[in-house]
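Residue numbers (this note's numbering): 260 to 474.
Think of the CB as a built atom: it goes at the ideal place given N, C-alpha and C, for glycine as much as any other residue.
First comes the structure, then the notes that go with it.
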């Protein structure tokens with residue numbers, strides 16, 4: 260695990276954790292960046308991101324394996340700015356703006372694999388010497404089955420606000436002279452999801468035999 264280390268200018272790697280376990284592996288990372296500007300006013304912002312990936316493999320029974328894969332990510336960013344326009348013929352004062360955004364995504368996938376020859380060998384282990392067992396083994400060796408389930412979802416939210424305060428010394432474009440105080444704000448969001456099922460049967464390549472005789 261690596262703790263806060265300086266990266267690129269304005270960016271900080273908060274932590275990074277990556278390591279295997281007895282049955283799978285996982286990865287967890289987070290990073291943040293900070294910016295500041297003073298060109299024609301003041302502006303500052305930050306961006307925080309985190310991501311997780313994990314995998315688990317397990318043997319459920321002889322010939323039956325399960326695999327679980329998952330990932331998730333999230334980010335939050337915000338920016339604040341203030342400008343000080345000075346125009347005696349239009350507007351003199353301050354304009355402040357605040358923007359924020361949050362986003363999250365997640366996905367998961369589950370796979371099951373059945374190797375029928377290993378499964379049959381485990382289930383009918385006590386009947387290895389029976390007359391019908393070879394026929395069952397032949398059929399089972401020809402089929403491998405797989406099934407899976409996957410799902411994913413995402414959501415994003417945005418918001419913005421602007422405040423304008425000052426004075427207008429002269430009337431302009433139908434707007435009278437005097438003090439000015441305006442607040443504008445808005446927000447929006449979007450989301451989506453999907454899921455599905457997968458199933459597959461596979462057969463090994465057909466075997467061929469040849470025989471010959473010579474006199």
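- Looking at the backbone, the Cα of residue 330 and that of residue 304 are separated by about 27 angstroms.
- For residue 430, there is no enclosing alpha helix (DSSP H), as DSSP gives it neither H nor E.
- Beta-bridge annotation (DSSP): residue 297 is not paired with any residue.
- Rounded to the nearest whole angstrom, the C-alpha separation of residue 458 and residue 408 is 9 angstroms.
- Under the three-state reduction of DSSP, residue 340 is assigned to strand.
- Here the alpha carbon of residue 353 sits roughly 11 angstroms from the alpha carbon of residue 301.
- Residue 379 counts as buried, since no fewer than 16 other beta carbons sit within 10 angstroms of its beta carbon.
- By the neighbour-count criterion, in which a residue is buried when 16 or more other Cβ atoms sit within 10 angstroms of its Cβ, residue 425 is buried.
- With respect to residue 449, residue 415 sits close: the two C-beta atoms are nearer than 8 angstroms.
- If you look at residue 399, you'll find it in the alpha helix (DSSP H) that goes 392 to 399.
- The C-alpha of residue 447 lies about 12 angstroms from the C-alpha of residue 420.
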